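Engineer:
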Amino acid sequence: MKAWERLSLRARLSLLYAFLLIFSVVLVGGYSYWNIWQLFISTKSSHLRARAKPVIEHWLIDNGFDKLDVPGLKLNARNALALAQDLTSRDAAAVILDGKGRVIANGRRLPEEPEAPLPQGRYVQRALSGENEVTYRSLVNGRPVLVMLIPLRPRPGSSHIFGVIQMSTSLSDINEILFRHGAMLVSLVAVILILGTGAGFWLVGLSLQDLKDLVTGCNRISRGEFSQRVPVKNPRDEIGQLAVSFNQMVDKLEAGFASQQRFVANAAHELMTPLTGLRGSLEVLMRGAQDDPAAAARLTKGMFREVNRLIRLCERLLALSRLQNAENVHKEPVVLSRFLDDFIQQAKVLAGKHPVSIQQGPYVRIEADPDLLKQILLNLLSNAFRYSPGDSPVVMGWKLLPQGVEIWVSDQGKGMDKKTLSHVFEPFYQGKSSHRASGDRGIGLGLSLVKSMVEAQGGSVSIQSQPGRGTRVSVTLPLA
Amino acid sequence: MDMDKNGDEIKILVIEDDPVITEFLSTGLKYEGYKVTSRNAGRAGLEALQDGVFDLVILDVMLPDIDGFEVCRKIRSRGPDIPVLMLTVKREISDRVKGLDSGADDYLTKPFSFDELLARIRALLRRSGKMRKDKRLQAGGLVLDLETRQVTRNGKMINLTPTEFSLLELFMRHPRMVFTRETILNRVLGYDHDGGTNIIDVHISHLRNKLGDRPPHLIRTIYGTGYAFYPEGKGV
Ligand SMILES: Nc1ncnc2c1ncn2[C@@H]1O[C@H](COP(=O)(O)OP(=O)(O)O)[C@@H](O)[C@H]1O
Ligand SMILES: [Mg+2]
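In order, the protein sequence lines correspond to chains A and B. Note that this note's numbering numbers the first sequence so that position 322 is 322, with each residue one more than the last. Note that this note's numbering numbers the second sequence so that position 16 is 496, with each residue one more than the last.
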C-alpha cells in the first residue's frame, strides 16, 4: 500500500489501466478458449456416437440380443470381441465390459490402432445404472483421450443393461489446436498490454499535463504572487472547471488581501495623526512651554483628547476583530419595546439638546446579542447627534417586515450626498466637509462597525439620506 | 530671537485641520520667535494668504475642503515665491513626488520631531533669503562663534565644554527669556536625560566662573523659577 501511495498519479492511473486491460483480455480469451474446447469435445463425441450407433444396432440384431427371450443368449468374450473389433478404428479404441463392469473384450488388433484407457469404476457404475452417454477425459500413456461409455441394452429405452461399451479417441489434435490458439492469445495479450499501457501512460500524461500546470500555478500563488492565475485550457472539462473555480478563489483572496492591506494602512494613518499631536505637544512642552501655565494647559488638554482618540480607535479596532469570530456573538431572544425603553434612558445622556423619542411599533421578540444591539444603536445615535444641528429631533422606531424586524434611527441633519453614501460602510471613510476641525471628531469606523455587528447577527443595514434633509438608517434583524 | 535682515518678525501661516497639531505648532513656533497665524481649511488658508504677507507656509496634505496639493498649486499659481513646507502621513512614496510636483519646497512626514521641523523651517527661510545663517552671536561683550565654537569675552578667549557652550548659546539666542531648570535640562542635555535638575545649577556656576560673571550677572538667577540672560546687565 505504501509503495502504491508513493507512485505518481500518472503511474497509478497507467497501472490501473493496464490491469483492466489484462483482466478484460484474459476474460475474453479464456471464454473463447473454453468455448472452442467445448465445441471440439462435442464434435468428437457426436462423431464417436455416430460411428458407434449403426455398428451396435447391427451387432444387437445379428446376435439376437434384441429378442431377449432367446434362451442361453448371453454376452460373452466371443460376441463381445466381435463388437469391440467392429468398433475399433485407427482413431478410436473400443473395450467391452460386462454387466459387472469387468473388461471382457478389447478391440485392438493392430499396433497403429490406439490403446484404450483403463476403465474407471466410478463412470462405469454410472453407465450401468442407466446414464446414456457418460463422457470424460482420461490419459493413456500420458496423452489425453476422450472416453465415452455407452450402456448395452436390447432395445433403445429398455431398462435392462447387460454391458457397457467404452469408446475412446485421442484428444492430442485438439490440444495441438488449442495450444496454438492459446499461444496466439498470450502473444496478443502481450502486444495489447504493451501498446495499451504505453498509450494509456501517454494519454494519462496528456490529461494530467493540465493538472501539472495547475500545480505550478498554485505554487506560484502560494509563494505570494497573488496577481498570478492558473491557465484554463478547456473550461468544459473537470480540470478546466477546477482551474476556473481556483482562479475565482484567488480573485477573492487577492481582493481580501488588498482590502486587508488598505485597512492596515488606513489604521496606521489614523493612529499617526493623534501620535503627531502627542509627540509635537510633548516636545513643545519640554522645550519651554511647560514654563507658561496657559500654554501648558492648552497643550495638555489637546494631548488628553488625542490619547482618548487613540483609545477609542483601538477599542473599535478590537471590536472589529472580535466580530470576526462567531463565538463572540451571543444571541438571545430580546423583547424590542422593553429593550429600547431601557436603552433610551442611557442614550439621553449623550443627546445634549437633541430631543430623542421612540415611535412605538408592534410587540416583537428578536434574536439578537443585546450588547451588540446596544453598540449598534449608540453608534447610529451618535452619528445622528453629530451630523445634525444642536436641537433637531432624533427619532427611533421599529416595524415588522416579512424577513424580520426593521429598527430605524432618523435625524433631520445635513444628510449625505451620493458619493458619501456609497462609501460610508468602508472602514475609516469620513464624509467630506465633516466636522474634522471640531473637537468631536469621528474616526470613520462607526458605520463599518455597525455593519459588521449587524451581519454577525444575521441581519442587514441600509441607509436613506438626502443632503440637507436628513438621514434614516435601518437595521433589519431576524425574529426570535 | 531669530530675526530677519530688517529686524521684523518672521510670519508663518499654518494650514492644518487637526486642532491639537495646530496648537502645538503655533505655541512652539511662537516660543521660537515666529509670528504664527493658523487656518483649519484650504480655502481659509488661501484667503489668509491674500490678506496678509507671510514668509513661510506650513501646509497639511489632508484638509477637509481642498487637499494640500491643490492648495499648494494655487499658492504657486498666484505668484509670490513663498516657501511651502508640506506635512503628510507617509502613506505612499508618491505623496512626496506629488508634493514636490505641486510646488512644495520641502516635505515632512507625520509624526515628525519638532526639532526637525525647526531645522527645515530655518533652512527654507535661509534659502529664500528671509534669514541669514548665524555665524556668530554677540551680546554683553560676549562673542560666540558658532562655526569654530570659540568664545571670547571682551576679546579674551574662554574655554567651554560642549554642554556649557550649548547652555550659553541657548541664553544668547533668547535674551531676557526665563528658562526653568527643567526646560534647560531638556534643551541642553536632551529630552530623555535622566536625573535631577541640580546638574543645571552645577553647569551654570561653572559657566559663570569661566565667564567671570559677577553681579549683576549676565546669567541671572530668577528665584523660584530658573535663569535668564540679560546682556545689558540691568533690569529684572
Ligand atoms: N446621520 C448621519 N448624517 C449625515 N452624515 C452621516 C451620518 N452618519 C454618518 N454620516 C457620514 O458617514 C461618515 C462615516 O460615518 P462613521 O462610519 O460613523 O464615521 P465617523 O462618524 O466616525 O466619521 C461620516 O464621516 C459622515 O460623513
Ligand atoms: Mg460615526
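Each residue gets a CB set at the ideal place from its N, CA and C atoms; glycine is no exception. If you're wondering where the values come from, they're calculated on a predicted model, not measured in any experiment.
Taking DSSP's pairing of strands, which residues face Gln-166 of chain A in a bridge?
Structural biologist: In DSSP, Gln-166 of chain A forms a bridge with A:Val-95 and A:Leu-149.
Engineer: I need the residues with a C-beta less than 7 Å from some heavy atom of ligand 1; please give them in chain order.
Structural biologist: This selection yields A:Asn-379, A:Asn-383, A:Ala-384, A:Arg-386, A:Tyr-387, A:Ser-388, A:Asp-411, A:Gly-413, A:Lys-414, A:Gly-415, A:Met-416, A:Thr-420, A:Val-424, A:Tyr-429, A:Gln-430, A:Gly-431, A:Ser-434, A:Gly-442, A:Ile-443, A:Gly-444, A:Leu-445, A:Gly-446, A:Leu-447, A:Ser-448, A:Ser-465, A:Thr-471 and A:Val-473.
Engineer: Given Gly-431 of chain A, which residues of its chain have a CB within under 7 Å of its CB, disregarding the five upstream and five downstream residues?
Structural biologist: Only Met-416 and Thr-420 meet the Cβ criterion.
Engineer: I need the boundaries of the beta strand (DSSP E) containing Thr-471 of chain A, first residue and last residue.
Structural biologist: That run of the beta strand (DSSP E) goes 470-477.
Engineer: Within 8 Å (strictly less), CB to CB, does Phe-201 of chain A reach chain B?
Structural biologist: No - not a single Cβ of chain B is within 8 Å of the one on Phe-201 of chain A.
Engineer: Please classify Phe-709 of chain B: does DSSP put it in a helix, a strand, or coil?
Structural biologist: DSSP places Phe-709 of chain B in strand when its eight states are reduced to three.
Engineer: With Tyr-387 of chain A as the anchor, note down where its beta strand (DSSP E) starts and where it stops.
Structural biologist: From DSSP, Tyr-387 of chain A is part of no beta strand (DSSP E); its letter is neither H nor E.
Engineer: Whole beta strand (DSSP E) runs in the stretch 290-355 of chain A with 3 or more residues, listed along the chain?
Structural biologist: Runs of the beta strand (DSSP E) inside the stretch 290-355 of chain A: 332-335.
Engineer: If we define contact as Cβ-Cβ less than 8 Å, is His-423 of chain A a contact residue for chain B?
Structural biologist: False, the Cβ-Cβ gap to chain B never drops below 8 Å.
Engineer: So which residues on chain A does Leu-505 of chain B lean against when the C-beta distance must stay under 9 Å?
Structural biologist: Gly-280 and Val-284, listed in chain order.
Engineer: Put Glu-131 of chain A into one of helix, strand or coil per three-state DSSP.
Structural biologist: Coil at Glu-131 of chain A, not helix or strand.
Engineer: Determine, for Leu-445 of chain A, whether the minimum Cβ-Cβ distance to residues of chain B falls below 8 Å.
Structural biologist: For Leu-445 of chain A, the answer is no, since every Cβ of chain B falls outside 8 Å of its Cβ.
Engineer: Could you tell me if Ser-438 of chain A is buried or exposed, where buried requires 16 or more neighbouring beta carbons within 10 angstroms of its beta carbon?
Structural biologist: Reliability fails at Ser-438 of chain A, whose pLDDT of 47 lies under 50, so the model's placement of it is uncertain and the value that follows must be treated cautiously. Looking at its Cβ environment, which holds fewer than 16 other Cβ atoms inside 10 Å, Ser-438 of chain A is exposed.
Engineer: Does DSSP put Pro-231 of chain A in a helix, in a strand, or in coil?
Structural biologist: If DSSP states are grouped into helix, strand and coil, Pro-231 of chain A belongs with coil.
Engineer: Can you give me, in chain order, the residues of the stretch 293-309 of chain A that have a beta carbon less than 8 Å from any beta carbon in chain B?
Structural biologist: Answer set for the stretch 293-309 of chain A: Ala-295, Arg-298, Leu-299, Gly-302, Met-303, Arg-305 and Glu-306.
Engineer: Rounding to the nearest angstrom, what Cα-Cα distance links Ser-465 of chain A and Asn-325 of chain A in this structure?
Structural biologist: Approximately 32 Å, taken between the alpha carbons.
Engineer: Under the rule that 16 or more other beta-carbon atoms within 10 Å means buried, what is Cys-314 of chain A, buried or exposed?
Structural biologist: Cys-314 of chain A comes out exposed.
Engineer: Would Val-569 of chain B count as contacting chain A if we go by Cβ distances under 8 Å?
Structural biologist: Taking Cβ atoms only, chain A reaches closer than 8 Å to Val-569 of chain B, which makes this a yes.
Engineer: Between the Cα of Met-249 of chain A and the Cα atoms of A:Lys-233, A:Phe-385, A:Phe-263 and A:Arg-229, which residue gives the shortest distance?
Structural biologist: Considering only alpha carbons, the answer is A:Arg-229.
Engineer: Return yes when the Cβ of Gly-459 of chain A is within less than 8 Å of the Cβ of Thr-476 of chain A, no when it is not.
Structural biologist: Cβ atoms of Thr-476 of chain A and Gly-459 of chain A: closer than 8 Å.
Engineer: Quick one: what's got a C-beta closer than 7 Å to Val-215 of chain A's C-beta in the same chain, skipping five residues either side?
Structural biologist: No residues qualify anywhere along the chain.
Engineer: Under 8 Å by Cβ, that's how I've got Val-409 of chain A and Ala-384 of chain A pegged, so tell me the actual separation to the nearest angstrom.
Structural biologist: Contact flag correct, Cβ pair sits at about 6 Å.
Engineer: Would DSSP call Ile-495 of chain B helix, strand or coil?
Structural biologist: Strand.
Engineer: Under the DSSP definition of a beta bridge, which residues are partnered with Trp-398 of chain A?
Structural biologist: For Trp-398 of chain A, which the question treats as bridged, DSSP gives the partners A:Ile-407.
Engineer: Would you say Asp-391 of chain A and Lys-331 of chain A are within 8 Å of each other, going by their C-beta atoms?
Structural biologist: No.
Engineer: Met-416 of chain A by DSSP, collapsed to three states: which one?
Structural biologist: Met-416 of chain A: coil per DSSP, three-state reduction.
Engineer: Taking the alpha carbon of Arg-122 of chain A as the reference point, which residue from A:Ile-104, A:Lys-74, A:Ala-190 and A:Lys-100 has its own alpha carbon closest?
Structural biologist: That would be A:Lys-100, whose Cα lies nearest to the Cα of Arg-122 of chain A.
Engineer: Nearest CA to the CA of Phe-246 of chain A: which residue from A:Asn-141, A:Ser-448, A:Gly-217 and A:Gly-200?
Structural biologist: Of the candidates A:Asn-141, A:Ser-448, A:Gly-217 and A:Gly-200, the one whose C-alpha sits nearest the C-alpha of Phe-246 of chain A is A:Gly-217.
Engineer: Can you tell me the Cβ-Cβ gap for Ile-562 of chain B and Ile-555 of chain B, rounded? I've got them flagged as a contact below 8 Å.
Structural biologist: Contact holds; Cβ gap of about 7 Å.
Engineer: Could you tell me which residues DSSP pairs with Ala-368 of chain A in its beta bridges?
Structural biologist: According to DSSP, which records beta bridges pairwise, Ala-368 of chain A is partnered with A:Glu-332.
Engineer: Report yes if the CB atom of Leu-604 of chain B is closer than 8 Å to the CB atom of Glu-496 of chain B, and no otherwise.
Structural biologist: Contact: no.
Engineer: For Ile-702 of chain B, which residues in the same chain have their Cβ closer than 7 Å to its Cβ, ignoring the five residues on either side in sequence?
Structural biologist: Excluding positions up to five away in sequence, the list reads Val-658 and Ala-708.
Engineer: Starting from Thr-632 of chain B, follow the beta strand (DSSP E) in both directions and report where the run begins and ends.
Structural biologist: Note, Thr-632 of chain B: beta strand (DSSP E), 630-633.
Engineer: Quickly, what does DSSP pair Ser-462 of chain A with across the bridge? List them, please.
Structural biologist: Answer by DSSP bridge pairing, in chain order: A:Ser-474.
Engineer: Using 8 Å as the threshold, is the stretch 315-324 of chain A in touch with the stretch 676-692 of chain B, meaning 3 or more CB pairs across them?
Structural biologist: No: the two stretches stay apart, fewer than three of their Cβ pairs being nearer than 8 Å.
Engineer: Could you tell me if the beta carbon of Ile-221 of chain A falls within a distance shorter than 7 Å of some heavy atom in ligand 4?
Structural biologist: In the structure shown, ligand 4 is absent; the only ligands present are ligand 1 and ligand 2.
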